[in-house]
Structures are given as structure tokens and as C-alpha cells.
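The sequence shown begins at 245 in the working numbering and counts up by one.
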Amino acid sequence: MNQAADLLLGTHDFAAFCKFKPGGTTTRSLEKYNWVRTPDGLLVADVVADAFCYSMVRNLVGAIVCVADGRKPVEWITELLENKERVSDSLVFPARGLTLYQVDYPSDDLLLERAQITVAKRGE
């Protein structure tokens, strides 16, 4: 799971993982995405980004589950990023069981820097 999640790290156009929104951008910087199994067997995904699109986390989790259960090969994750289109054979993970537990905001200086990087990436 972590091998597949590592392929998503960095600044990318996550259109394949976001619900389309007219006028919106799907360029995000995924800073951390790892999976840990707790002693009682619970799988925990730790996902950190500069921002998330609508349904992005549910789609990120669903894609990794598709790889983990053997429905898709690890390389499929890279294909999704490159194609930048939602696909019907990916899993949108149910919201039930997903918990938002922390929101951090960068300082104003870092916020401006991140916005400039995102805008530049959008223009590519």
C-alpha cells in the first residue's frame, strides 16, 4: 500500500482523484501519504497535502485499496496521474470510517509561496 501511495507524493494534477468543479483547479501538493496497521488490525492512512479537492481523499484511499486487494497493479496509480481523468473502475471509498483529525494552516509567507507554486503548475 505504501509503495503505491509513494507514487502520489509531490505536486501533481490530481484530476483523476477529484470531482470536477468548473473553474476549479486540481493541482495539489501531496506531502505525506502512508499506511500503518494498528495492533488491533485497523488500517490507518495518514494523508497530508497543501489542500484537497472535493472527494480527493476518498478517491486516494479507494485507489490504494484497488491496488492492495489485487484489482489493479501498482503502476495503475501512475497511469491515473498521467491521464488526469476520472475512471469508472476506481473505488470511491465510503466516507464512513474516514476521519479528519487535524487541519494546519501555513504562515502567510508560506501560504503565498505555495499559491505561486500551484498557479505555476496549473499553467503547465
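Idealized CB from N, CA, C, for every residue including glycine.
Just so you know, these numbers come straight off a predicted model, no measurement behind them.
State the beta-bridge partners of residue i as determined by DSSP.
i, result
"residue 273", "255"
"residue 291", "277"
Could you spell out where the alpha helix (DSSP H) holding residue i opens and where it closes?
i, result
"residue 311", "300-312"
"residue 329", "Per DSSP, residue 329 belongs to no alpha helix (DSSP H) and is neither H nor E."
Would you mind stating whether residue i and residue j have Cβ atoms separated by less than 8 Å?
i, j, result
"residue 331", "residue 324", "yes"
"residue 192", "residue 305", "Within the shown structure, residues of the chain are numbered from 245 to 368, placing residue 192 beyond reach of any answer."
"residue 302", "residue 339", "yes"
"residue 279", "residue 287", "yes"
Quick one: what does DSSP say residue i is sitting in, helix, strand or coil?
i, result
"residue 249", "helix"
"residue 360", "helix"
"residue 354", "helix"
As a quick exercise: from the options, pick the residue whose alpha carbon is nearest that of residue i.
i, options, result
"residue 297", "266, 288, 352 and 280", "266"
"residue 273", "341, 255, 287 and 346", "255"
"residue 346", "320, 291, 321 and 364", "291"
So that I know if they touch, is there some Cβ in chain B lying closer than 8 Å to that of residue i?
i, result
"residue 321", "The structure shown contains no chain B; it holds only a single protein chain."
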